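So in the UniProt record's numbering, spot 208 of the sequence shown is number 208, and the numbers just go up one at a time. Each residue gets a CB set at the ideal place from its N, CA and C atoms; glycine is no exception. Note that the structure is predicted; figures quoted are calculated from it, not measured.
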Amino acid sequence: MPLTQEPRPAWPCAEPDRDAFVALVREQGVALYRDLPWRNLDDPYAVLVSEIMLQQTQVARVGRFWERFMALFPTIDALASADTADVLAQWQGLGYNRRAIALKRTADACAAERGGTLPDTAEELQRLPGIGPATAAGVMAFAYNRPSVYIETNVRTVFLHELFPDREKVGDRELAPLVADTCPEDDARAWYYALLDYGAHLKTQVANPSRRSAHYARQSAFEGSRRQKRAELVRIVLAAPGIGAAELAERLDSFELAGGRSQVDADVFEGIVADLVAEGFFRREGDVFLP
Numbered sequence: 001m002p003l004t005q006e007p008r009p010a011w012p013c014a015e016p017d018r019d020a021f022v023a024l025v026r027e028q029g030v031a032l033y034r035d036l037p038w039r040n041l042d043d044p045y046a047v048l049v050s051e052i053m054l055q056q057t058q059v060a061r062v063g064r065f066w067e068r069f070m071a072l073f074p075t076i077d078a079l080a081s082a083d084t085a086d087v088l089a090q091w092q093g094l095g096y097n098r099r100a101i102a103l104k105r106t107a108d109a110c111a112a113e114r115g116g117t118l119p120d121t122a123e124e125l126q127r128l129p130g131i132g133p134a135t136a137a138g139v140m141a142f143a144y145n146r147p148s149v150y151i152e153t154n155v156r157t158v159f160l161h162e163l164f165p166d167r168e169k170v171g172d173r174e175l176a177p178l179v180a181d182t183c184p185e186d187d188a189r190a191w192y193y194a195l196l197d198y199g200a201h202l203k204t205q206v207a208n209p210s211r212r213s214a215h216y217a218r219q220s221a222f223e224g225s226r227r228q229k230r231a232e233l234v235r236i237v238l239a240a241p242g243i244g245a246a247e248l249a250e251r252l253d254s255f256e257l258a259g260g261r262s263q264v265d266a267d268v269f270e271g272i273v274a275d276l277v278a279e280g281f282f283r284r285e286g287d288v289f290l291p
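Okay, structure coming up:
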């Protein structure tokens with residue numbers, strides 16, 4: 001089924017025209033193809049795990065984490081049956097621990113309500129924790145080989161580089177009709193692999209074209225950030241179940257001092273801890289913290 005019944009969108013440039021652009025991407029996709037372990041799988045869960053891990057994390061870093069995670073939690077039911085602490089322990093080193101919590105909650109919901117299967121429509125996928133439009137579109141394309149509007153940084157890079165070379169602040173609303181129009185109905189999977197691999201290559205050859213996207217935002221520094229403190233607190237509690245509040249605060253202070261930073265204000269510590277407990281990263285029982 002076509003992605004849209006709307007007339008074909010106006011092509012934004014004379015060179016390359018639509019057919020030349022499609023041919024170029026296909027050619028580059030063959031030449032630059034990356035044989036990644038989560039590719040060409042018919043397992044929607046395995047694809048979802050890779051898509052979640054690849055959010056804000058580079059491919060080279062994800063590889064070993066994905067293989068280990070899939071070996072330990074090979075199915076939705078296996079992940080649903082696992083303790084959250086075990087899932088978080090396997091996520092350490094990937095960053096953005098919220099992704100692990102959301103993935104675990106998605107597995108819980110699918111095990112309880114869908115017999116351990118994922119939905120097969122983008123709309124249903126987006127009702128699950130941590131799955132937005134891009135992740136849902138990725139699952140549709142890579143797991144089900146169905147056309148979708150998959151827009152992420154490497155896809156943006158190709159469209160911006162080839163079709164908007166002299167434009168700044170190009171929004172996804174302008175890209176989406178072009179992405180939909182060029183996505184083939186019969187092999188979305190191979191098409192998006194080609195876009196991803198060509199986009200990744202372009203970033204090594206030219207100044208990052210995705211910076212010309214209206215949605216580009218430079219990632220804030222991790223060192224010394226609240227996000228780093230959150231990650232360190234999760235790591236400490238996982239390594240020392242039953243740790244008391246005073247010792248937890250002391251270990252966080254030691255971590256900060258070792259990094260050349262000042263000790264953490266008590267109110268800041270309590271605020272971060274309260275957020276982590278509320279979000280399900282660990283439990284607080286009186287003055288003791290447990291994964």
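Closest Cα partner of residue i within the set the options
| i | options | result |
| --- | --- | --- |
| proline 7 | Gln205, Ala180 and Asp253 | Ala180 |
| aspartate 172 | Asn154, Met140, Trp191 and Ser213 | Ser213 |
| glutamine 263 | Tyr198, Val139, Gly95 and Arg251 | Arg251 |
| glycine 115 | Ile76, Asp17, Phe159 and Phe281 | Ile76 |
| glycine 259 | Ser225, Gln58 and Glu279 | Ser225 |
| glutamate 51 | Asp35, Ser81, Arg99 and Ala89 | Arg99 |
| tyrosine 192 | Ala10, Pro9, Leu24 and Gly29 | Gly29 |
| alanine 217 | Glu113, Arg284 and Lys169 | Lys169 |
| valine 22 | Ala249, Val237 and Thr182 | Thr182 |
| tryptophan 91 | Ala249, Arg261 and Glu232 | Glu232 |
| arginine 261 | Lys229, Thr57 and Leu248 | Lys229 |
| aspartate 35 | Val59, Leu178, Ala207 and Phe289 | Val59 |
| arginine 189 | Leu41, Asp17, Ala20 and Ala10 | Leu41 |
| leucine 54 | Arg284, Ile131, Val273 and Asp287 | Ile131 |
| arginine 156 | Tyr198, Ser254 and Glu270 | Tyr198 |
| isoleucine 272 | Glu285, Leu257, Leu248 and Gly286 | Leu248 |
| arginine 61 | Ser210, Ser81 and Gly93 | Gly93 |
| alanine 111 | Arg284, Ala82, Arg167 and Arg235 | Ala82 |
Counted within 10 angstroms of its Cβ, other Cβ atoms place residue i as buried (16 or more) or exposed
| i | result |
| --- | --- |
| glycine 244 | exposed |
| histidine 161 | buried |
| leucine 195 | buried |
| proline 184 | exposed |
| threonine 106 | buried |
| methionine 1 | Annotation note: pLDDT 49 at methionine 1 (below 50); position unreliable, coordinate value reported separately. Exposed, since its Cβ has fewer than 16 Cβ neighbours within 10 Å. |
| threonine 204 | exposed |
| valine 158 | buried |
| glutamate 223 | exposed |
| alanine 239 | exposed |
| valine 268 | exposed |
Terminal residues of the alpha helix (DSSP H) in which residue i lies
| i | result |
| --- | --- |
| valine 149 | From DSSP, valine 149 is part of no alpha helix (DSSP H); its letter is neither H nor E. |
| arginine 230 | 226-239 |
| phenylalanine 142 | 133-142 |
| valine 49 | 44-54 |
| phenylalanine 269 | 266-278 |
Straight-line gap, residue i to residue j (C-alpha atoms, nearest Å)
| i | j | result |
| --- | --- | --- |
| aspartate 186 | asparagine 145 | 8 Å |
| leucine 3 | serine 148 | 7 Å |
| lysine 104 | leucine 79 | 6 Å |
| arginine 39 | alanine 246 | 46 Å |
| alanine 85 | proline 119 | 26 Å |
| aspartate 108 | threonine 135 | 18 Å |
| glutamate 113 | alanine 266 | 42 Å |
| asparagine 208 | valine 47 | 27 Å |
| proline 129 | isoleucine 101 | 9 Å |
| glycine 242 | serine 220 | 32 Å |
| phenylalanine 138 | tyrosine 150 | Reading off the sequence shown, one finds glycine at residue 138, where the question assumed phenylalanine. Those two C-alpha atoms are separated by around 6 Å. |
| alanine 200 | glutamate 15 | 22 Å |
| proline 74 | histidine 215 | 35 Å |
| asparagine 97 | phenylalanine 281 | 8 Å |
| arginine 26 | tyrosine 33 | 10 Å |
For residue j and residue i, believed in contact at Cβ under 8 Å, the rounded distance
| i | j | result |
| --- | --- | --- |
| phenylalanine 164 | proline 44 | About 33 Å separates the two Cβ atoms, so there is no contact after all. |
| glycine 95 | threonine 57 | 7 Å |
Span of the beta strand (DSSP E) around residue i
| i | result |
| --- | --- |
| glutamate 27 | Where glutamate 27 is concerned, there is no enclosing beta strand (DSSP E), although the alpha helix (DSSP H) it sits in stretches over 18-31. |
| glutamate 168 | Unbroken run through glutamate 168: none, as it is neither H nor E. |
| glutamate 285 | 283-285 |
| valine 62 | Careful: valine 62 lies outside any beta strand (DSSP E), inside the alpha helix (DSSP H) at 59-72. |
Residue i: CB within 7 Å of a non-hydrogen atom of the ligand ADP
| i | result |
| --- | --- |
| aspartate 108 | The ligand ADP is not among the ligands present in this structure, which contains no ligands whatsoever. |
Residue i at chain B interface by Cβ criterion, 8 Å
| i | result |
| --- | --- |
| valine 237 | Reference to chain B is not applicable here, since this structure consists of a single protein chain. |
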